[in-house]
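*Asks:* From first to last, the protein sequence lines are chains A and B. Note that this note's numbering has the first sequence beginning at 1, numbered continuously upward. Note that this note's numbering has the second sequence beginning at 269, numbered continuously upward. Glycine included, each C-beta is placed from N, C-alpha and C at the ideal position. Provided herewith is a single structure, encoded as structure tokens, for subsequent inquiry.
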Amino acid sequence: MNTKPRLAVFKFASCDGCQLSLLSLEDELLAIADKVDVVHFLEATSRVEEGPYDVSLIEGSITTAADQERIRHIRANSKFLVTIGACATSGGIQALKNWSNKDEFLSIVYAKPEYIETLATSTAISDHVRVDFELRGCPINKYQLLEVLQAFLAGRMPRTPNHCVCLDCKRKGNVCVMVVSATACLGPVTQSGCGALCPSYDRPCYGCFGPSTQPNLISLSNQFQRDGMSPERVIQSLRSFNGYATEFRAESDRIESQIDASEVTVDE
Amino acid sequence: MNDASDGRSVRTIQVKAMTRVEGEGGLDIRLRDGTIDRVHLNIFEPPRFFEALLRGRPLEDVPDITARICGICPVAYQMSSVHALESALGVVVSEEVRKLRRLLYCAEWIESHALHVHMLHLPDFLGYAGSLEMAKDHPEVVARGLTMRKYGNDLLERIGGRAIHPINVAVGGFFRAPKYSELSSLIPDLEKGLELSVEAVRWISGLSFPDFKQSYQTVSLVHPDKYPMNEGRIETNDGLSITSDQFEEHFSERQVEHSTAMQAVRIENGSTYLLGPIARLDHCRDQLQPLARRLADEINYQTPCRNPFLAILARAIEQVHAYEEAIEILKSYRPPNPSRIAYQYVAASGSAATEAPRGLLYHRYQLSETGTVEAANIVPPTSQNQSQIEQDLRDYLPGMIHQSDQAVGEACERLVRCYDPCISCSTHFLKVRVERI
């Protein structure tokens with residue numbers, strides 16, 4: 001009798017990069033395949049089984065009415081549902097359309113928009129169904145994915161750090177790009193997970209892993225502006241791969257409302 | 269499905285969700301009175317509107333944002349975008365930057381080709397649902413693929429910071445040039461990878477391939493000295509030779525109802541065309557690295573190649589090339605200094621085409637005088653290949669329609685897989701449904 005846990009991988013609006021991370025665990029993949037039964041993973045195998053599933057890994061955001069239904073069906077058939085990556089946990093880069101006019105977006109890309117069915121928004125999986133664990137990153141860190149799978153097999157919650165990128169920079173001995181060159185770095189408000197990659201390559205963090213716990217965004221965006229960044233550009237730096245994550249969204253909306261208010265004053 | 273309501277026989281064959289392709293799509297085939305009425309590669313990958321969301325962004329954001337179009341070939345998006353932006357800005361990068369970019373692209377070709385050849389495509393030839401299932405009986409084959417891919421990913425990580433969505437590519441060069449010592453330690457692994465890739469070509473050449481011949485118009489970059497990646501003219505096998513600036517005068521995208529991806533045709537003759545490893549080897553066999561070229565001769569690889577099922581062999585030969593060239597560049601690597609050159613904003617437009625692992629990837633940007641994107645146009649390889657895939661299916665189907673719906677569907681999927689379609693990319697882009705009327 002086969003008693004191995006049943007693992008499924010599902011894709012919504014996304015680039016495939018996060019599910020690819022599972023195949024990128026080159027040294028561990030065959031051992032994982034030995035411990036779990038991969039019963040639904042369209043990118044990797046033609047074996048396609050119906051639920052129930054013990055663990056479902058969800059990549060991508062919800063952008064169509066059909067996908068709203070599909071995620072509910074997957075949730076109902078999954079014991080443990082884990083979102084992987086920025087699209088699934090915060091709506092992804094495609095959530096930039098949440099601030100725009102959908103019809104205008106459609107007409108920019110497609111000559112015949114009437115053929116395309118899409119919602120006005122790109123939203124996180126947790127906006128639609130209960131999520132048991134969210135793994136951050138654009139893309140995810142494959143070793144954190146391994147930790148999620150090992151934790152599940154051991155019957156415990158995954159342990160992934162939620163401190164900010166700054167601490168990793170200090171540990172690595174990186175020179176602070178903000179202090180030294182007044183470059184607008186999102187490291188102080190972005191969750192660890194990448195290993196402080198960008199500052200290690202002489203560039204500021206651009207927020208791939210989304211907001212860290214209790215980020216002081218107002219203080220940081222004020223500092224960006226004191227360093228000479230325009231409010232419009234501060235908004236854009238927050239509105240990227242995790243732009244629709246609650247904390248980043250609140251701050252970019254706050255700055256935008258300030259701009260709007262000052263424009264009204266000028267008009268008067 | 270048979271529907272005799274109008275006294276005629278209708279048969280629909282549907283592959284709802286294709287597997288072992290990147291991104292999600294299906295196939296719809298409708299037969300009426302035993303003849304092929306319709307073949308649609310349906311792409312239901314939801315659109316993500318990259319061209320629209322780039323508008324108004326600073327040009328420096330473009331390589332990072334366009335990388336997110338595809339998690340399998342982010343470097344291709346970064347390369348086409350930086351070259352197009354540099355063309356607009358009038359930036360000419362140093363020879364050292366050109367070599368480091370080529371090295372990064374070699375790493376992505378290794379990673380992407382190893383994934384497709386060993387993990388996604390070989391199960392079709394050996395009769396398995398996937399590589400994990402194949403590993404039970406052929407552990408050495410799967411281990412070889414994983415090892416070859418790992419070395420490519422290691423190189424991507426050293427240069428780009430990480431393998432998926434690298435963070436080191438900048439307009440004008442790289443944010444930080446890796447030191448020689450950071451890269452040179454990878455040479456022994458890459459030499460082992462080269463040996464494995466040679467072994468893989470010989471082994472794959474011994475497989476049996478379906479006998480199927482097409483007539484193709486092939487398109488690829490062609491460069492006088494180098495196998496095409498970042499530079500060259502866009503050439504076809506019927507004599508067209510243009511710069512990337514002329515791409516939109518000769519190739520156009522059309523939108524069809526069954527797909528969220530656009531489909532491309534040649535404007536001159538409305539014809540479908542073929543991109544990717546078969547086209548590149550047809551055009552540029554002489555520019556292969558020495559070992560790859562000798563190996564293509566040794567296994568008697570025929571060019572021009574007109575059998576799409578041989579794409580796996582073309583891809584395996586290119587993998588040898590990519591390993592060879594990566595080692596060559598690494599051995600003489602000197603870090604670019606400065607790692608990137610400065611530029612000034614100008615209101616201008618610029619375009620570029622580079623060779624993504626699955627074919628030509630075209631980008632064009634219109635920039636403002638303050639350095640923001642006013643308009644973007646991105647034409648991915650799979651949306652260009654999509655019309656050719658449908659044409660191949662139409663020509664392939666008559667020989668097999670006597671088989672069961674399931675057998676027809678599976679055979680069609682195998683043909684589609686030869687193209688290494690990247691559906692995530694092509695959306696602005698695929699589902700197999702066969703309908704027999």
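Taking only beta carbons into account, state which residues of the stretch 418-449 of chain B come closer than 7 angstroms to chain A, listed in chain order.
*Replies:* Per Cβ criterion, the list reads Lys418, Asn421, Gly429, Arg430, Ala431, Ile432, His433, Ile435, Asn436, Phe443, Arg444.
*Asks:* Give the single residue among B:Thr486, B:Glu521, B:Arg522, B:Gln531 whose Cα lies nearest to the Cα of Ser509 (chain B).
*Replies:* The residue with the shortest Cα to Cα distance from Ser509 (chain B) is B:Thr486.
*Asks:* Applying the 10 Å Cβ sphere with the 16-neighbour rule, what's the burial state of Ala33 (chain A)?
*Replies:* That one is buried.
*Asks:* Output needed for Ala431 (chain B): all residues of its chain with C-beta closer than 7 angstroms, excluding positions within five of it in sequence on either side, in chain order.
*Replies:* Here the set comprises Glu379, Asn421, Leu424, Glu425.
*Asks:* Please check if any C-beta of chain B sits within less than 8 angstroms of the C-beta of Ala8 (chain A).
*Replies:* No, because no Cβ of chain B sits closer than 8 angstroms to the Cβ of Ala8 (chain A).
*Asks:* Take the Cβ of Asn653 (chain B) as the centre, count every other Cβ of all protein chains shown within 10 Å, and call the residue buried at 16 or more, exposed below.
*Replies:* Burial call: buried.
*Asks:* Quick check on Ala560 (chain B): buried or exposed, where buried means 16 or more other Cβ atoms within 10 Å of its Cβ?
*Replies:* Buried: at least 16 other Cβ atoms inside 10 Å.
*Asks:* Helix, strand or coil: how does DSSP classify Tyr687 (chain B) here?
*Replies:* Coil at Tyr687 (chain B), not helix or strand.
*Asks:* Buried or exposed: which applies to Gly474 (chain B), given that a residue is buried once 16 or more other Cβ atoms fall within 10 Å of its Cβ?
*Replies:* Per the 10 Å Cβ criterion, exposed.
*Asks:* Of all Cβ atoms in chain B, is any one closer than 8 angstroms to the Cβ of Pro188 (chain A)?
*Replies:* Not one chain B Cβ lies under 8 angstroms of Pro188 (chain A).
*Asks:* Strictly under 8 angstroms for the Cβ-Cβ distance: is Ala590 (chain B) near chain A by that measure?
*Replies:* Answer no: the Cβ-Cβ gap between Ala590 (chain B) and chain A never drops below 8 angstroms.
*Asks:* Apart from the five residues just before and just after Arg325 (chain B), which ones in its own chain have a Cβ nearer than 6 angstroms to its Cβ?
*Replies:* Only Val641 meet the Cβ criterion.
*Asks:* With a CB to CB cut of under 8 angstroms and the five nearest residues on each side skipped, what residues in its chain are close to Asp267 (chain A)?
*Replies:* The predicted model places Asp267 (chain A) with a pLDDT of 44, which falls under 50 and marks its position as unreliable; any figure quoted below should be read in that light. Excluding residues within five positions, none has a Cβ falling inside 8 angstroms.
*Asks:* For a test of the three-state rule: what should DSSP assign to Val278 (chain B), helix, strand or coil?
*Replies:* In the structure shown, Val278 (chain B) sits in a strand (DSSP, three-state: E or B).
*Asks:* So which residues on chain B does Arg70 (chain A) lean against when the C-beta distance must stay under 9 angstroms?
*Replies:* Simply none; closest approach about 11 angstroms.
*Asks:* Got a sec: which bits of the stretch 292-326 of chain B sit with their beta carbon under 9 angstroms from any beta carbon on chain A, in order along the chain?
*Replies:* Listed by position along the chain: Glu292, Phe312, Glu313, Pro314, Pro315, Arg316, Phe317, Phe318, Glu319, Ala320, Leu321, Arg323, Gly324, Arg325, Pro326.
*Asks:* Please name the residues in the stretch 230-244 of chain A whose beta-carbon is closer than 8 angstroms to at least one beta-carbon of chain B, in chain order.
*Replies:* Listed by position along the chain: Arg233, Gln236, Ser240, Phe241.
*Asks:* Using a Cβ cut-off of 8 angstroms, pull out every chain B residue sitting near Glu26 (chain A), in sequence order please.
*Replies:* The contacting residues are Leu414, Thr415, Arg417, Lys418, Asn421.
*Asks:* Spatial neighbours of Val466 (chain B) within its chain, please: C-beta separation below 8 angstroms, excluding the five flanking residues on both sides.
*Replies:* Cβ neighbours of Val466 (chain B) beyond the five flanking positions: Leu559, Leu563, Val588.
*Asks:* Chain B partners of Cys138 (chain A), CB-CB under 8 angstroms?
*Replies:* The answer, in chain order, is Arg336, His433.
*Asks:* Once DSSP output is grouped into helix, strand and coil, what is the label at Cys164 (chain A)?
*Replies:* Reduced to three states, the DSSP call for Cys164 (chain A) is strand.
*Asks:* For the alpha helix (DSSP H) containing Gly461 (chain B), list its first residue and its last residue.
*Replies:* Where Gly461 (chain B) is concerned, the enclosing alpha helix (DSSP H) stretches over 455-473.
*Asks:* When the distance is taken between beta carbons, is Ser349 (chain B) closer than 8 angstroms to Val361 (chain B)?
*Replies:* No, Cβ-Cβ distance for Val361 (chain B) and Ser349 (chain B) is not below 8 angstroms.
*Asks:* Taking 8 angstroms as the cut-off, does the stretch 644-662 of chain B touch the stretch 256-264 of chain A (at least 3 CB pairs, one atom from each stretch)?
*Replies:* Touching, no.
*Asks:* How big is the Cα-Cα spacing for Ser240 (chain A) and Arg444 (chain B)?
*Replies:* In a straight line, the C-alpha of Ser240 (chain A) is about 23 angstroms away from that of Arg444 (chain B).
*Asks:* Cβ atoms of Ala382 (chain B) and Ala624 (chain B): under 8 angstroms apart, would you say?
*Replies:* Not a contact, by the Cβ cut-off of 8 angstroms.
*Asks:* For Ile93 (chain A), would you say it is in contact with chain B, using Cβ-to-Cβ distances shorter than 8 angstroms as the test?
*Replies:* Yes, because at least one Cβ of chain B sits closer than 8 angstroms to the Cβ of Ile93 (chain A).
*Asks:* In three-state terms, what does DSSP make of Ile62 (chain A)?
*Replies:* Strand, per DSSP.
*Asks:* Is the CB of Glu43 (chain A) under 8 angstroms away from at least one CB in chain B?
*Replies:* By this cut-off, Glu43 (chain A) is an interface position.
*Asks:* Give the secondary structure of Asp296 (chain B) by DSSP, where H, G and I count as helix, E and B as strand, and everything else as coil.
*Replies:* Of the three classes helix, strand and coil, the one that applies to Asp296 (chain B) here is strand, per DSSP.
*Asks:* Report the start-end ranges of each alpha helix (DSSP H) in the stretch 15-98 of chain A that is 4 residues or longer and not cut off at the edges.
*Replies:* List check, alpha helix (DSSP H) in window: 17-23, 29-35, 65-76, 86-90.
*Asks:* Here's a check: name, in chain order, each residue in its chain whose Cβ is nearer than 6 angstroms to the Cβ of Gly339 (chain B), leaving out the five neighbours to either side.
*Replies:* Ile432.
*Asks:* Should Ile580 (chain B) and Val278 (chain B) be called a contact, given that it needs their Cβ atoms to be closer than 8 angstroms?
*Replies:* No; because the gap between Cβ atoms is not below 8 angstroms, this pair is not in contact.
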